[in-house]
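**Student:** The structure follows.
Below, the structure written as structure tokens:
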């Protein structure tokens with residue numbers, strides 16, 4: 174009868190409503206596991222690189238030498254640490270196509286840098302729709318350093334602009350210092366703002382070496398107010414060694430409730446400094462790879478001071494629980 178048919182349809186609808194969230198959760202769990210495996214492989218690659226050169230790759234490099242001169246990293250068009258890791262993630266053929274004696278975006282590097290590599294992509298995020306972008310989900314940690322143009326005498330992350338880091342430099346312990354995190358990729362069109370897009374040109378007048386909670390919150394409010402001026406190029410290129418592309422910092426907690434934000438007025442979208450927090454589409458936090466190669470999940474509710482300690486390699490702080 175019609176009533177029986179309606180009852181059957183209602184039961185089916187209820188079952189679908191109950192099963193769909195479970196299916197979605199199972200899929201996200203699988204994506205999160207794959208993301209964790211990606212970070213583990215990158216951690217292994219970092220250690221293999223260190224075994225070869227007795228150092229981790231620099232944050233930004235313009236020559237094929239593993240240890241560039243301290244005065245060569247003044248521009249923004251140099252290669253990333255990810256470029257240096259290519260031979261250690263089974264991408265030697267791609268590595269050999271890149272001209273490291275030129276800029277990352279030189280014509281001869283166009284084809285290579287636009288290759289999308291699953292090892293650099295979190296499956297929970299959505300890559301850019303445009304084909305001319307390489308994309309990257311896993312930036313290296315600059316610690317509490319705001320970026321390229323701040324005082325480089327205060328450089329406390331695993332990846333630094335004008336020097337390389339060795340295991341022995343990580344005085345706080347490799348198991349206490351973050352090497353790699355997660356970031357969200359933009360959609361590359363700059364239209365509507367979405368999480369991970371970068372608000373531009375909001376000056377920061379606080380402690381550029383290690384902002385306090387009050388300074389971070391006040392700056393976040395200013396960034397939120399300036400949300401109309403943003404770019405959507407975050408995670409666009411794995412080949413360039415710059416913040417929001419292949420680098421992040423720990424000045425703000427993961428999945429910070431305020432926008433990612435450039436502190437320099439007049440900076441280009443790749444040539445910048447600012448607040449570049451770790452972000453992911455995983456519920457409740459982000460995954461990180463520590464300098465010892467281990468991977469763990471960090472809650473977005475982590476204490477700011479603890480998170481800044483995790484970003485530092487040589488501050489002598491007690492990390493605490495997180």
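In the working numbering, the protein residues as written are 174 to 495. For each residue, glycine too, the CB sits at the ideal point set by N, CA and C.
(1) In or out: residue 425 buried (at least 16 other Cβ within 10 Å) or exposed?
(2) Give the list of continuous alpha helix (DSSP H) stretches no shorter than 4 residues that lie fully inside the region 342-391.
(3) Using the DSSP secondary-structure output, state which residues sit across from residue 234 in a beta bridge.
(4) Give the straight-line distance between the Cα atoms of residue 212 and residue 206, rounded to the nearest whole angstrom.
(5) The beta strand (DSSP E) that contains residue 281, what's its start and end?
(6) Quickly, what does DSSP pair residue 332 with across the bridge? List them, please.
(7) Tell me which residue opens and which closes the beta strand (DSSP E) that residue 470 is part of.
(8) Relative to the alpha-carbon of residue 429, which residue among 376, 451, 265, 267 has its alpha-carbon at the smallest distance?
(9) What residue range is occupied by the uninterrupted alpha helix (DSSP H) comprising residue 290?
(10) Between residue 333 and the rest of its own chain, which residues show a CB-CB distance below 8 Å, the 5 nearest in sequence each way excluded?
(11) Would you be able to state if there are at least three C-beta pairs under 8 Å between the region 338-347 and the region 485-495?
(12) Less than 8 Å between the C-beta atoms of residue 431 and residue 393, yes or no?
(13) In this structure, how does DSSP classify residue 416 when only helix, strand and coil are distinguished?
(14) So, for residue 281: in the same chain, excluding its five sequence neighbours on each side, which residues have a beta-carbon less than 8 Å away from its beta-carbon?
(15) Between residue 433 and residue 370, is the Cβ-Cβ spacing less than 8 Å?
(16) Report the three-state DSSP secondary structure of residue 269 (helix, strand or coil).
(17) Would you tell me roughly how many angstroms separate the C-alpha atoms of residue 386 and residue 417, rounded to the nearest one?
(18) Using only the alpha-carbon positions, how far apart do residue 471 and residue 401 sit?
(19) Return yes when the Cβ of residue 414 is within less than 8 Å of the Cβ of residue 310, no when it is not.
(20) Here's the rule: buried if 16 or more other CB atoms are within 10 angstroms of the residue's CB, otherwise exposed. What is residue 480?
(21) What is the DSSP secondary structure of residue 180, reduced to helix, strand or coil?
(22) To the nearest angstrom, report how far apart residue 359 and residue 196 are at their CA atoms.
(23) Over what stretch of residues does the beta strand (DSSP E) that includes residue 446 continue unbroken?
(24) With H, G and I counted as helix, E and B as strand and the rest as coil, what does DSSP make of residue 463?
(25) In angstroms with no decimal places, state the Cα-to-Cα distance between residue 266 and residue 476.
(26) Hey, could you find the ends of the alpha helix (DSSP H) residue 481 is sitting in?
(27) For residue 215, is the classification buried or exposed, using 16 other Cβ atoms within 10 angstroms of its Cβ as the cut-off for buried?
(28) Excluding the five sequence neighbours on either side, which residues of its own chain have a C-beta within less than 7 Å of the C-beta of residue 405, listed in chain order?
(29) Express the C-alpha separation of residue 186 and residue 439 in angstroms, rounding to a whole number.
(30) Between residue 374 and the rest of its own chain, which residues show a CB-CB distance below 8 Å, the 5 nearest in sequence each way excluded?
(31) Would you check if the distance between the CB atom of residue 208 and the CB atom of residue 300 is smaller than 8 Å?
(32) Just to confirm, are residue 306 and residue 409 a CB contact at a threshold of 8 Å?
(33) Alpha carbons only, please: which of 356, 260, 264, 331 is nearest the one belonging to residue 350?
**Tutor:** Walking through what the data contain:
(1) buried
(2) Runs of alpha helix (DSSP H) with 4 or more residues, each lying fully within the region 342-391, are absent.
(3) 252
(4) 10 Å
(5) Per DSSP, residue 281 lies in no beta strand (DSSP E) segment and is marked neither H nor E.
(6) The partner list for residue 332 (beta bridge, DSSP) is empty, contrary to what the question assumes.
(7) 468-472
(8) Out of 376, 451, 265, 267, the CA that lies nearest to the CA of residue 429 is found in 451.
(9) It is not in any alpha helix (DSSP H) - residue 290 carries neither H nor E in the DSSP assignment.
(10) 231, 232, 315, 318, 325
(11) yes
(12) yes
(13) strand
(14) 272, 275
(15) Between residue 433 and residue 370, the C-beta gap is smaller than 8 Å, which places the two residues in contact.
(16) Three-state result, residue 269: helix.
(17) 22 Å
(18) Approximately 30 Å between the Cα atoms of the pair.
(19) no
(20) buried
(21) helix
(22) Those two C-alpha atoms are separated by around 27 Å.
(23) It is not in any beta strand (DSSP E) - residue 446 carries neither H nor E in the DSSP assignment.
(24) Correct three-state label for residue 463: strand.
(25) Cα to Cα, residue 266 sits roughly 43 Å from residue 476.
(26) Bounds of the alpha helix (DSSP H) holding residue 481 are 477-484.
(27) buried
(28) 359, 360, 361, 362, 363, 370
(29) Roughly 54 Å separates the two Cα atoms.
(30) 399, 402, 435, 437, 438, 439, 440
(31) no
(32) yes
(33) Checking every option, the nearest Cα to that of residue 350 belongs to 331.
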